[in-house]
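Asks: The structure under discussion is supplied below as structure tokens; questions concerning it will follow.
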Amino acid sequence: MTVPLHELVARQAARTPDAVAVADERQEITYAELDRRANRTAHLLRARGIGTESLVAVCLPRSVELAAVLLGVWRAGAAYVPLDPGHPRDRIAWVLGDTGTSTVVTEESLVDLVGGGGAEALAIDLAAAERDALPATPPPVAVDPSAAAYVIYTSGSTGRPKGVVVDHAGIANRVMWTVGEHKLGEADRVLQKTSLSFDAAGWELFAPLVSGGVVVMARPGAEREPATLVAEVAAGRITVLQGVPSVLRLLADEPGWTECTTLRLVFSAGETLSAELARRLAEPTGAQVWNTYGPTECSIDVTAQPYDPAQEAGPVPIGRPIENMRVFVLDSDGEPVPIGVVGELYAAGVGVGRGYLGRPDLTAERFVPDPFGAPGNRLYRTGDLARWRPDGALEFLGRGDQQVKVNGVRIEPAEVEAALQAHPDLRDAVVVAREGHAGKQLVAYLVARRQVPGDELRTFLRERLPEPLIPAVFVPMDAFPLTTSGKVDRGALPDPAAVAAERGAAYLAPRTPEERLVAQVWEQLLGVERVGAHDDFFALGGSSLVLTRLANALRKASGGEVQLRGLFGAATVEAQAKLIAGGREVVPPVTRVARDEPLPLSTGQHRLWFLNQMHPGSPEWVAPLFLRLAPGTEAHHVHAALDALEARHEALRTRYVTVDDEPRQVVADPRPVELRIVDDGDADGLSAEQLELLFAEQFARGFDLVDGPLWRALLVRGGAAGPVLLVTVHHIATDGWSTVVLERELRDLCAAAVEGREPQLAELPVQYADYASWQRARLTDEVIERELAYWRPTLAGLPALELPTDRPRPPERDPEAPACGSPSRPGSPTRSPRSGGGTAPPRSSRC
1 MTVPLHELVA RQAARTPDAV AVADERQEIT YAELDRRANR TAHLLRARGI
51 GTESLVAVCL PRSVELAAVL LGVWRAGAAY VPLDPGHPRD RIAWVLGDTG
101 TSTVVTEESL VDLVGGGGAE ALAIDLAAAE RDALPATPPP VAVDPSAAAY
151 VIYTSGSTGR PKGVVVDHAG IANRVMWTVG EHKLGEADRV LQKTSLSFDA
201 AGWELFAPLV SGGVVVMARP GAEREPATLV AEVAAGRITV LQGVPSVLRL
251 LADEPGWTEC TTLRLVFSAG ETLSAELARR LAEPTGAQVW NTYGPTECSI
301 DVTAQPYDPA QEAGPVPIGR PIENMRVFVL DSDGEPVPIG VVGELYAAGV
351 GVGRGYLGRP DLTAERFVPD PFGAPGNRLY RTGDLARWRP DGALEFLGRG
401 DQQVKVNGVR IEPAEVEAAL QAHPDLRDAV VVAREGHAGK QLVAYLVARR
451 QVPGDELRTF LRERLPEPLI PAVFVPMDAF PLTTSGKVDR GALPDPAAVA
501 AERGAAYLAP RTPEERLVAQ VWEQLLGVER VGAHDDFFAL GGSSLVLTRL
551 ANALRKASGG EVQLRGLFGA ATVEAQAKLI AGGREVVPPV TRVARDEPLP
601 LSTGQHRLWF LNQMHPGSPE WVAPLFLRLA PGTEAHHVHA ALDALEARHE
651 ALRTRYVTVD DEPRQVVADP RPVELRIVDD GDADGLSAEQ LELLFAEQFA
701 RGFDLVDGPL WRALLVRGGA AGPVLLVTVH HIATDGWSTV VLERELRDLC
751 AAAVEGREPQ LAELPVQYAD YASWQRARLT DEVIERELAY WRPTLAGLPA
801 LELPTDRPRP PERDPEAPAC GSPSRPGSPT RSPRSGGGTA PPRSSRC
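By the UniProt record's numbering, the letter at position 822 of the sequence shown is numbered 822, and the numbering carries on one by one without gaps.
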């Protein structure tokens, strides 16, 4: 009998309670803590009437909290309905109304976004105290494998999105196939980068959690920034990655892809994978590339095939059925076709979904009786065309109906057409997918009452549709071509370039230096030979996936500030050139400054210094870094690595003094870093309770910004899995991004010390103090006044914040606190005001 995934995660937590389960940009939590949070979330939901077959909407950014909430929904007996925080408010309200869910789990910052659907918004961060008071054991709820696990919405053929209901048996089968086939285990780190509104996010989350690995949450928005995503793969030591080919191609284009050598598996899904792209993904990294296929109406994937390096060209087959699934290629009469003959692809087996929520007509149309299986079994009609190869693998040949796939997203043109037809100046709209300069694009043909600019239409649609459903090209027409029956003849719709030429949109050469600069960047980015002043970025093959690269390229080429949000409303060369001309500013590079006198603080440092003045030595700003070191790493190796890191990064040895009533930073000389050593002496390692006490003692100790030090370390030795190092740093010296750098360099320094070699770290041309000086130099009176001119009316009318007038005394140091290297001393952990108790580290804000 199939065991639901949340029960398998609980079993894994019992086996490896102290192992890291989930990590995001701010913190990481163990399996034991994840298990506790999930159980308490389940009790929190049960107290609100949530039970078996209830639907709970979840609208949260990627974080450790997201994983705990999804498990908690399942342990309460309910199914989750994923909502993307990046989707328009109207789309979210429609989904909430269609599901009829009574509760949406979110966070305080998103309450307004989800407030239009009639469901109660449960802000999980505001309910932290209530949740922490609930039992840490699971509620007594038995979840049947046939019960709904999630309801996920796809584009709708009638203009309405439709919700697909997938059960626990289906998603568990897909996840366990991944774990078994690819031998996922405790050494794996899987990057969770897919939006929860796409079903592939499910295996990214749960496959590592049932096998003892780590879910590494990509920071929100990283999936739209190829360079950032590649950096997260390298810095996060990711071993398993998945994506659609349109995104994977952008990753392979990044210079940093060659550094992603920890990858062992790359999964491609959602659209055709070429052998050329598979080779570019595999050769620099050494990873094995797999091509998978599956509709949303099934549990993520139905078939899979590894890329064969001997294949030099052409599309990679979608392969054979995964475990407990069957596939058929049938003709129009529902009969199997011979090898090599094209037919419609049908799927059967445990992974087939239950149908469409509240849509029995559509369910009956697409989920049909299975004549090849046991009575009561069903087939799902995918609408995709395929054929069997002589070697038994399947070839995918595209769609057999009007549904299209663009950038791996399945789109019903009718939904986009319905949104366009709501524009008051449009009479009619037809949407199709066509091959463009850079692959398949969504093209909208319009009959309008007046000529509506493409920028205006994109802005209009962005309030109603997810980004992947917004057409790249808008083609004005006087009337649509019709068939003899009076329907729109989609096959006769003209080429967009031909319509532009007919309407006199002649090539106009760039006229100004800014236009020529923009045109040159487009030519390099889009691979086109000639770009004119009136050309449209999206019409030439650009997309939202490429827009971030465009913004970075324009900043670099112009030396000015180009905002991504501005580019969404400026699609032509002419419009983007005006953005550059209006905002061009010669930005000098960050250069090294003299250290012969105290230096100014950056705005981020100044904010944290100010907060420290209110509560000197507070543990509020203690930022943690956990590392499990390789077996054989001794205390003197760690000492050497810490001291080398102190010497390398000035921010770790900076002191903050007051000069003429203003804070200044002074870079001190390196000195030995405090390292407390705890010898376990037991091969089974310390218990979770003992580790909790040790870590809590470290979290409770604040830092002295005037005299230092700003960081310290705790080394726990003796466990069979290797020593554990906890580094705590004041937040004024680190943030989420720099913690990744510190972790990477600490590992290299420790490895170098163990191996008796020189560390392989590049020289640092500038330090953070140089950046702070550069930032302050740019904050001229003119810049400050411009910023104040915005914030004065924005904040007008708000009540004044009363600040304390008396500076509190710093806390007394405990004279009996253990010295460096002394054995551990039992004690009661002091909770940070924001830590929420438990073993989780204090949650620090970003600068």
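We put the CB at the ideal spot given by N, CA and C, even for glycine.
Using the rule of at least 16 other Cβ atoms within 10 Å of the residue's Cβ for burial, across every protein chain shown, is D301 buried or exposed?
Replies: Taking the first residue of the sequence shown as 1, we reach residue 301 at position 301. So D301 counts as buried.
Asks: Roughly how many angstroms separate the alpha carbons of G117 and A762, rounded to a whole number?
Replies: One-based indexing of the sequence shown puts residue 117 at position 117. One-based indexing of the sequence shown puts residue 762 at position 762. Spanning the two alpha carbons is a distance of roughly 53 Å.
Asks: Would you grab the beta carbon distance between S773 and V546 for me? Rounded to a whole angstrom, and I think it's under 8 Å.
Replies: Along the sequence shown, read from residue 1 onward, the residue named residue 773 stands at position 773. Along the sequence shown, read from residue 1 onward, the residue named residue 546 stands at position 546. That pair is no contact at about 35 Å.
Asks: Pull up the distance between the alpha-carbon of E223 and that of K193, whole angstroms please.
Replies: If you number the sequence shown from 1, residue 223 lands on position 223. If you number the sequence shown from 1, residue 193 lands on position 193. Cα to Cα, the separation comes out at about 6 Å.
Asks: In the DSSP output, which residue or residues are listed as bridge partners for E395?
Replies: By one-based count along the sequence shown, residue 395 stands at place 395. E395 is bridged to R387.
Asks: For T285 versus T261, is the C-beta distance shorter than 7 Å?
Replies: For the purposes of this step, residue 285 is taken as residue 285 along the sequence shown, with counting starting at 1. For the purposes of this step, residue 261 is taken as residue 261 along the sequence shown, with counting starting at 1. Yes.
Asks: Are T323 and Y380 touching if we call contact CB-CB under 7 Å?
Replies: The residue labelled residue 323 in the question sits at position 323 within the sequence shown. The residue labelled residue 380 in the question sits at position 380 within the sequence shown. The displayed chain sequence assigns Glu, not Thr, to residue 323. No. Outside cutoff.
Asks: Pull up the CB-CB distance for T103 and V141, whole angstroms please, since I reckon it's below 8 Å.
Replies: Start at 1 with the first residue of the sequence shown, and residue 103 comes out as number 103. Start at 1 with the first residue of the sequence shown, and residue 141 comes out as number 141. About 16 Å; that fails the 8 Å criterion.
Asks: Using only CA atoms, which one of P161, A149 and T154 lies nearest to D167?
Replies: Within the sequence shown, residue 167 is the residue found at index 167, counting from 1. Looking at the Cα atoms, A149 is the closest of the given residues.
Asks: Please tell me whether R249 and L229 are closer than 7 Å, where the distance is taken between their beta carbons.
Replies: Here residue 249 corresponds to residue number 249 of the sequence shown, with the count starting at 1. Here residue 229 corresponds to residue number 229 of the sequence shown, with the count starting at 1. Cβ distance not < 7 Å, so R249 and L229 don't count as in contact.
Asks: Using the rule of at least 16 other Cβ atoms within 10 Å of the residue's Cβ for burial, across every protein chain shown, is G392 buried or exposed?
Replies: Position 392 of the sequence shown, counted from the first residue, corresponds to residue 392. Exposed, since its Cβ has fewer than 16 Cβ neighbours within 10 Å.
Asks: Using the beta-carbon count (16 or more within 10 Å), is L191 buried or exposed?
Replies: Stepping through the sequence shown from its first residue, residue 191 is reached at position 191. When all chains shown are included, L191 counts as buried.
Asks: Just the Cα atoms here: how many angstroms apart are W203 and V175?
Replies: One-based indexing of the sequence shown puts residue 203 at position 203. One-based indexing of the sequence shown puts residue 175 at position 175. Looking at the two C-alpha atoms, the distance is approximately 6 Å.
Asks: Are the Cβ atoms of T41 and G77 separated by less than 7 Å?
Replies: On the sequence shown, position 41 is the one that residue 41 refers to. On the sequence shown, position 77 is the one that residue 77 refers to. No, the pair does not count as a contact, with Cβ atoms beyond the cut-off.
Asks: As a quick exercise: from H731, G702, F695 and L705, pick the residue whose alpha carbon is nearest that of E714.
Replies: The residue given as residue 714 occupies position 714 in the sequence shown. Here the sequence assigns Leu to residue 714, which means Glu is not the residue at that position. Here the closest residue by C-alpha is F695.
Asks: Could you pull the DSSP bridge partners for E120 from this structure?
Replies: Along the sequence shown, read from residue 1 onward, the residue named residue 120 stands at position 120. T103, per the DSSP bridge assignment.
Asks: On the DSSP letters alone, give me the boundaries of the alpha helix (DSSP H) that A769 sits inside.
Replies: Reading the sequence shown from its first residue, position 769 is the one you call residue 769. Here the alpha helix (DSSP H) through A769 covers Y768 to R778.
Asks: Where does the unbroken alpha helix (DSSP H) through P88 begin, and where does it stop?
Replies: By one-based count along the sequence shown, residue 88 stands at place 88. Segment: none, P88 is in no alpha helix (DSSP H) and carries neither H nor E.
Asks: If you check the beta carbons only, do E574 and A539 fall under 7 Å apart?
Replies: Numbered from its first residue, the sequence shown carries residue 574 at position 574. Numbered from its first residue, the sequence shown carries residue 539 at position 539. No, they are not a contact pair.
Asks: Spell out a yes or no on whether the stretch 128-140 and the stretch 78-85 are touching, meaning 3 or more CB-CB pairs, one atom from each, closer than 8 Å.
Replies: Short answer: they don't touch.
Asks: Can you list, in chain order, the residues of its chain whose CB lies under 7 Å from that of P4, leaving out five sequence neighbours each side?
Replies: Along the sequence shown, read from residue 1 onward, the residue named residue 4 stands at position 4. So the list reads W74, V143, P145, H168 and A172, once near-sequence residues are dropped.
Asks: On the DSSP letters alone, give me the boundaries of the alpha helix (DSSP H) that N173 sits inside.
Replies: Within the sequence shown, numbered from 1, the residue matching residue 173 stands at position 173. Residues H168 to H182.
Asks: Tell me, which residues are paired with I152 by DSSP?
Replies: Position 152 of the sequence shown, counted from the first residue, corresponds to residue 152. According to DSSP, which records beta bridges pairwise, I152 is partnered with V164.
Asks: Can you confirm whether the stretch 108-128 touches the stretch 305-317 when touching is taken to mean that 3 or more C-beta pairs between the two stretches lie within less than 8 Å?
Replies: As far as the Cβ criterion goes, the stretch 305-317 does not touch the stretch 108-128, which means the pair count is below three.
Asks: Answer yes or no: do A724 and V716 have a C-beta to C-beta separation smaller than 7 Å?
Replies: One-based indexing of the sequence shown puts residue 724 at position 724. One-based indexing of the sequence shown puts residue 716 at position 716. Ala is not the amino acid found at residue 724; the sequence shown has Val there. Yes.
Asks: Is the distance from the Cβ of R427 to the Cβ of V447 below 7 Å?
Replies: Sequence index remark: in the sequence shown, residue 427 carries index 427 (1-based). Sequence index remark: in the sequence shown, residue 447 carries index 447 (1-based). In contact: R427 and V447 (Cβ atoms closer than 7 Å).
Asks: Could you tell me whether the Cβ atoms of W290 and A304 are closer together than 7 Å?
Replies: Taking the first residue of the sequence shown as position 1, residue 290 is located at position 290. Taking the first residue of the sequence shown as position 1, residue 304 is located at position 304. Contact: yes.
Asks: Residues bridged to E745 by DSSP?
Replies: Looking up residue 745 in the sequence shown gives position 745. For E745, which the question treats as bridged, DSSP gives no partner whatsoever.
Asks: What does DSSP give as the partner residues of Q441 in its beta bridges?
Replies: Reading the sequence shown from its first residue, position 441 is the one you call residue 441. DSSP, once it has assigned bridges, lists R434 as partnering Q441.
Asks: If you follow the beta strand (DSSP E) that residue 856 is in, where does it begin and where does it stop?
Replies: As displayed, the chain neither begins before 1 nor continues past 847, which places residue 856 out of reach and without an answer.
Asks: Name the two residues that bound the continuous alpha helix (DSSP H) containing H731.
Replies: Here the question's residue 731 lines up with position 731 in the sequence shown. First-last for H731: undefined, no H or E at that position.
Asks: For the candidate residues R676, A623, P624 and W609, whose alpha-carbon lies nearest to that of V638?
Replies: Taking the sequence shown and counting its residues from 1, the one referred to as residue 638 is at position 638. Of the candidates R676, A623, P624 and W609, the one whose C-alpha sits nearest the C-alpha of V638 is R676.
Asks: Let's test the definition: count the other Cβ atoms within 10 Å of the Cβ of T272 and tell me whether it reaches 16, buried, or not, exposed.
Replies: Numbered from its first residue, the sequence shown carries residue 272 at position 272. The residue is buried, with at least 16 neighbouring Cβ atoms inside 10 Å.
Asks: Taking just the CA atoms, how far does E745 sit from A752?
Replies: Within the sequence shown, numbered from 1, the residue matching residue 752 stands at position 752. Within the sequence shown, numbered from 1, the residue matching residue 745 stands at position 745. Whole-angstrom Cα-Cα distance: 10 Å.
Asks: Is the Cβ-Cβ distance between G705 and Y656 less than 7 Å?
Replies: Start at 1 with the first residue of the sequence shown, and residue 705 comes out as number 705. Start at 1 with the first residue of the sequence shown, and residue 656 comes out as number 656. A small fix is needed here, since residue 705 is Leu in this sequence, not Gly. Yes, they are a contact pair.
Asks: Consult DSSP for P826 and reduce its assignment to one of helix, strand or coil.
Replies: Numbered from 1 along the sequence shown, position 826 holds the residue referred to as residue 826. Caution applies to P826, whose pLDDT of 29 falls short of 50 and renders its modelled position unreliable; the value that the coordinates give is listed next. In this structure, P826 counts as coil in the three-state DSSP scheme.
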